[in-house]
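The structure appears right after this line, and notes come after that.
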Amino acid sequence: MMINTMSSKSSHKLVLVFAIYCLLLQEKCTKASVKLLCKDSERRALLEFKHSLQAMNSSGNDALSSWKSEECCLWLGVNCNNLTGYVEMLGFSGQLWVVAGTISPSLLKLHHLTFLYFDRNDFNGSLIPEFFGSLKKLKILDLSNANFRGPIPSQLGNLSMLETLRLGGNGGDVTYRHNFKKMFSVGKLEWLSHLSRLEEVDLSFTNLSYANDWSQVISHLPFLQKLSLRHCDLTSISSSSLSLANSSTSLTHLDLSDNNLPSAIYPWLFNVSSNLVSLNLSSNKLRGPIPEAFGNMMAIQNLHLSDNLLILAENQVRGDSVLNEIGKLPDFMVLDLGYNLLNGSISKSIGQLSNLQVLRLAGNSFDGDVISEAHFSNFTYLQELDLSYTSLTLKFNSGWIPPFQLSQIMLCSCKLGPHFPDWIRTQMDGLTPDLDISALDYLDISASGISDSLPYWFWNPFQRLRYINMSFNQISGTFPNNSIHISHLDLRSNNFSGPLPHFSLDFWDIGTINLSKNKFTGSGAPICNITYKGVLALLDLSNNLFSGVVPDCFESFQSLTALNLGDNSFSGSLPSSLGSLTSLEMLSLRGNKFSGELPSSLQNCTKLKFLDLSDNELSGEIPMWIGQRLSSLVFLSLQRNQFRGMIPHQLCELKYLQILDLSVNKISDTIPPCFNNFTSMVKKVSLDRRIELHLLDEVSSLWFIQLRYVDEALLTWKGTKQSYPQLGLLLAIDLSCNKLTGEIPEELNSLQELVALNLSRNFFTGKILQKIGHLRQLEVLDLSRNKFSGNIPTSLSELTFLSILDLSYNDLSGKIPTSTQLQSFDPSSFSHNRGLCGPPTSPNCSTVEPPPGKPAVGGEEDSDEFMKWFYAGMGLGFAVGFWGFCSVVFFKRSWRHSYYRYLDNAKDWVYVSFVLLKARFVRRIKGLSTSCTR
Numbered sequence: 019m020m021i022n023t024m025s026s027k028s029s030h031k032l033v034l035v036f037a038i039y040c041l042l043l044q045e046k047c048t049k050a051s052v053k054l055l056c057k058d059s060e061r062r063a064l065l066e067f068k069h070s071l072q073a074m075n076s077s078g079n080d081a082l083s084s085w086k087s088e089e090c091c092l093w094l095g096v097n098c099n100n101l102t103g104y105v106e107m108l109g110f111s112g113q114l115w116v117v118a119g120t121i122s123p124s125l126l127k128l129h130h131l132t133f134l135y136f137d138r139n140d141f142n143g144s145l146i147p148e149f150f151g152s153l154k155k156l157k158i159l160d161l162s163n164a165n166f167r168g169p170i171p172s173q174l175g176n177l178s179m180l181e182t183l184r185l186g187g188n189g190g191d192v193t194y195r196h197n198f199k200k201m202f203s204v205g206k207l208e209w210l211s212h213l214s215r216l217e218e219v220d221l222s223f224t225n226l227s228y229a230n231d232w233s234q235v236i237s238h239l240p241f242l243q244k245l246s247l248r249h250c251d252l253t254s255i256s257s258s259s260l261s262l263a264n265s266s267t268s269l270t271h272l273d274l275s276d277n278n279l280p281s282a283i284y285p286w287l288f289n290v291s292s293n294l295v296s297l298n299l300s301s302n303k304l305r306g307p308i309p310e311a312f313g314n315m316m317a318i319q320n321l322h323l324s325d326n327l328l329i330l331a332e333n334q335v336r337g338d339s340v341l342n343e344i345g346k347l348p349d350f351m352v353l354d355l356g357y358n359l360l361n362g363s364i365s366k367s368i369g370q371l372s373n374l375q376v377l378r379l380a381g382n383s384f385d386g387d388v389i390s391e392a393h394f395s396n397f398t399y400l401q402e403l404d405l406s407y408t409s410l411t412l413k414f415n416s417g418w419i420p421p422f423q424l425s426q427i428m429l430c431s432c433k434l435g436p437h438f439p440d441w442i443r444t445q446m447d448g449l450t451p452d453l454d455i456s457a458l459d460y461l462d463i464s465a466s467g468i469s470d471s472l473p474y475w476f477w478n479p480f481q482r483l484r485y486i487n488m489s490f491n492q493i494s495g496t497f498p499n500n501s502i503h504i505s506h507l508d509l510r511s512n513n514f515s516g517p518l519p520h521f522s523l524d525f526w527d528i529g530t531i532n533l534s535k536n537k538f539t540g541s542g543a544p545i546c547n548i549t550y551k552g553v554l555a556l557l558d559l560s561n562n563l564f565s566g567v568v569p570d571c572f573e574s575f576q577s578l579t580a581l582n583l584g585d586n587s588f589s590g591s592l593p594s595s596l597g598s599l600t601s602l603e604m605l606s607l608r609g610n611k612f613s614g615e616l617p618s619s620l621q622n623c624t625k626l627k628f629l630d631l632s633d634n635e636l637s638g639e640i641p642m643w644i645g646q647r648l649s650s651l652v653f654l655s656l657q658r659n660q661f662r663g664m665i666p667h668q669l670c671e672l673k674y675l676q677i678l679d680l681s682v683n684k685i686s687d688t689i690p691p692c693f694n695n696f697t698s699m700v701k702k703v704s705l706d707r708r709i710e711l712h713l714l715d716e717v718s719s720l721w722f723i724q725l726r727y728v729d730e731a732l733l734t735w736k737g738t739k740q741s742y743p744q745l746g747l748l749l750a751i752d753l754s755c756n757k758l759t760g761e762i763p764e765e766l767n768s769l770q771e772l773v774a775l776n777l778s779r780n781f782f783t784g785k786i787l788q789k790i791g792h793l794r795q796l797e798v799l800d801l802s803r804n805k806f807s808g809n810i811p812t813s814l815s816e817l818t819f820l821s822i823l824d825l826s827y828n829d830l831s832g833k834i835p836t837s838t839q840l841q842s843f844d845p846s847s848f849s850h851n852r853g854l855c856g857p858p859t860s861p862n863c864s865t866v867e868p869p870p871g872k873p874a875v876g877g878e879e880d881s882d883e884f885m886k887w888f889y890a891g892m893g894l895g896f897a898v899g900f901w902g903f904c905s906v907v908f909f910k911r912s913w914r915h916s917y918y919r920y921l922d923n924a925k926d927w928v929y930v931s932f933v934l935l936k937a938r939f940v941r942r943i944k945g946l947s948t949s950c951t952r
């Protein structure tokens, strides 16, 4: 028993000793494991690098706050080698934060740096550092979409280990070419040929117009697989390039889109195309028939030839050539021939492309051609169908079930009607694998001739369409009671009715809702209940039957850029929360019954370009802050309200203003002489051709949803409202129908780009501007119904573009200046000016009566003698006639009674005539008033 006890104690001791040993060993291992990987020299280099950067997350906090600990290998965006501890990668891309600033040369102290990802950040237009060429171990350099500029340093040619070079997309929004400025430029690309290990090159949106060696350089990169030179102003291929081309290239992906390349590219292209999987030649200047050599690209899967000048030869129209050859390719998946000059009919042999996933034939002229289910019978894998703007007629048998499940349907301007196409239901009922939602994501059947009620199944609560466009049809129906989950909804110009539903937007997407030109009713209260309203960028409810007070709940609409509630029956005062819309660029509330003064909070909307408050009952003085705070305004209309007081001189600070309409108010005093500060009207500048809003929603890294919203300017000339979407073609000032006085300021002579000037129906005096002929672009001039006097300036005849002129109802005198332009106007343009003469009011000025107070020479004495005898005879005749009549009536009873009856009848006739004349006069006065109130 004792032995066992001792043995037990010793075993316990052994266990205890072993445990202590393990703990010591663990401590030693732990100490070894917590030994810092990060090299102190590299840590200091990274901190120095951070010093020149600003990194901010979505909450506005420092995104690099973790760069404080001793272990720099655990810092955000830093990766080290697990064995050596050297920093091998810096990556600031794909994060929910943005890095800005400049790049410090301290990166040179990271001697083992292999991967550098700075894409999708903002480096403030700084130059690409030349010292990047000294980072000898770099394999991947990604500076795309990071706001660098200037020339690409040739020192990058020293990076002999480089395998991936991405510099594309710098300088702006790569989706809208008209907004894009190329920030990079390259003289020659010879330095690129030194990077013999390159597998991927992206120089998109770089100015390569002087790099005429690009094709030779590319042909001598033996391992190059992916090349993107989109929108690079590439020069055409020279004959020497063809002789130097390497036909054994390993290129698999080639993007030369948006370069104006001619068909001369074909020989070089087909020489390097043996292994091409994806080819994009969209938006070039390729002409003529589609080459049959495209059918020899045995590996091709994606072919983009859209937006060129290609045609189908006669044999190709029958489907006997290119499409046949391409149809034999086993893996062909994308065919994009959109926006070319293709015409004729589409052969059913297109169905041979049985593996096709994307078919785009949009923007061609297949007028009158009919598409049936036979064309699509083999498209089992089709996912995207784009036949927009082809005028094709789609006729499918009732009950047809397509063999495919589409994610995108784009049939704008095709002929689908008059009934709503039932086959779309099969696409909406199909569910995404592993998810209980519809696979269909994008539906555009706008302007497709549908005049039917919307089927009950359309608003399926399980559908998750992100984009719906059914605009410009005659579709009727109401929204369901359930919530509508959507990102982009466009139902304008239809016959929808009923109240607004509850909209639910996607938190991670831009949202747009356009319901204009329908028959929706009710109040605007549902606006406040939109889920994730903070992502809504566009809301257009104009031209409907909404009424009531607009809810004061706009504080949460942080992203709203365009708001249009015009042409409804909204009433009450303007919501003060409109001032919370600090991103707002367009605001149209015209054609309602809003009253009261403008809320001062509107001055916080400093990005406003378009402000239309016309046709309401707003009152008070025009606020000074419109000119002081809304300095970006291009269009300002306060027409037909009850504004009073003077025109504030602060309006002159709106130097970008193109249209100013203050007509039909109660504005008094004079025109501020500072109107010559309207820079857009004084000299030729680059104008906003349209008041439009571009919205971009990135669906994936491969494609975007592009939206454009245009709000038209409405102006009134000659009592008719006219729409002007092309604002850059119209620079106008309309101050008509007010109580303005004084003379026209001479400074208005400086508005040499002004197209329309309307000062009619005021109380202006003095002479018409003598130098009005300086307004060379003037097409409309209305100065009628004022008190202008003096001669018509001869310079008026210099306005060769003048098409509307009205100087009537003034006190003008003298001869109308002679010119082909002025004499072509109707005489009514000069009427009710008693002193005017000459064509077109009269043949000449000799027939005009002399002015009062200047009798004809030699006729004064004869006139006096005649007038003496005239008055004497008139008095004698009156006495004889009056007393003779009275004598007869006094002595003849029957005549007396008849005379009294005549007086009674005459009295009744005078009374009735007076009442009718009064009524006619009142109607005329109202007519004149209506011409001002429009």
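Residue numbers for the sequence shown follow my numbering, so the first one is 19 and each next one is one higher. Beta carbons are placed, not taken as given, at the ideal position from N, Cα and C, and that holds for glycine.
Can you give the Cα-Cα distance for residue i and residue j, rounded to whole angstroms?
| i | j | result |
| --- | --- | --- |
| residue 163 | residue 116 | 12 Å |
| residue 662 | residue 446 | 56 Å |
| residue 99 | residue 106 | 6 Å |
| residue 703 | residue 645 | 20 Å |
| residue 507 | residue 356 | 25 Å |
| residue 800 | residue 775 | 6 Å |
| residue 61 | residue 130 | 13 Å |
| residue 752 | residue 599 | 28 Å |
| residue 286 | residue 420 | 41 Å |
For residue i versus residue j, is the C-beta distance shorter than 8 Å?
| i | j | result |
| --- | --- | --- |
| residue 831 | residue 850 | no |
| residue 13 | residue 553 | Outside the shown range of the chain (19 to 952) lies residue 13, about which nothing can therefore be said. |
| residue 67 | residue 124 | yes |
| residue 806 | residue 823 | no |
| residue 793 | residue 777 | no |
| residue 617 | residue 596 | yes |
| residue 181 | residue 138 | no |
Report all residues from its chain with a CB closer than 6 Å to the CB of residue i; omit the five preceding and five following residues, and keep chain order.
| i | result |
| --- | --- |
| residue 857 | 841 |
| residue 301 | 275, 276 and 325 |
| residue 780 | 756, 758 and 804 |
| residue 288 | 311 |
| residue 764 | none |
| residue 404 | 378, 380 and 428 |
Secondary structure at residue i, three-state DSSP: helix, strand or coil?
| i | result |
| --- | --- |
| residue 123 | helix |
| residue 596 | helix |
| residue 639 | strand |
| residue 60 | helix |
| residue 447 | helix |
| residue 549 | strand |
| residue 263 | Low per-residue confidence applies at residue 263: pLDDT is 49, beneath 50, and the placement is therefore not dependable, though the value from the model is reported in the following sentence. Residue state, collapsed to three classes: coil. |
| residue 781 | strand |
| residue 792 | helix |
| residue 513 | strand |
Apart from the five residues on each side of it in sequence, which residues of its chain come closer than 8 Å, Cβ to Cβ, to residue i?
| i | result |
| --- | --- |
| residue 204 | 169, 170, 221, 224, 225, 226, 228 and 229 |
Counting contacts by CB-CB distance shorter than 8 Å, is residue i in contact with chain C?
| i | result |
| --- | --- |
| residue 850 | Of the protein chains in this structure there is only one, and it is not chain C. |
Between residue i and the rest of its own chain, which residues show a CB-CB distance below 7 Å, the 5 nearest in sequence each way excluded?
| i | result |
| --- | --- |
| residue 688 | 758, 759 and 760 |
| residue 319 | 295, 296, 349, 350, 351 and 352 |
| residue 206 | 229 and 231 |
Could you check which residue in the options has the C-alpha nearest to that of residue i?
| i | options | result |
| --- | --- | --- |
| residue 484 | 497, 525, 517 and 597 | 525 |
| residue 652 | 374, 619, 672 and 666 | 672 |
| residue 410 | 430, 417, 395 and 424 | 430 |
| residue 308 | 495, 293, 290 and 280 | 280 |
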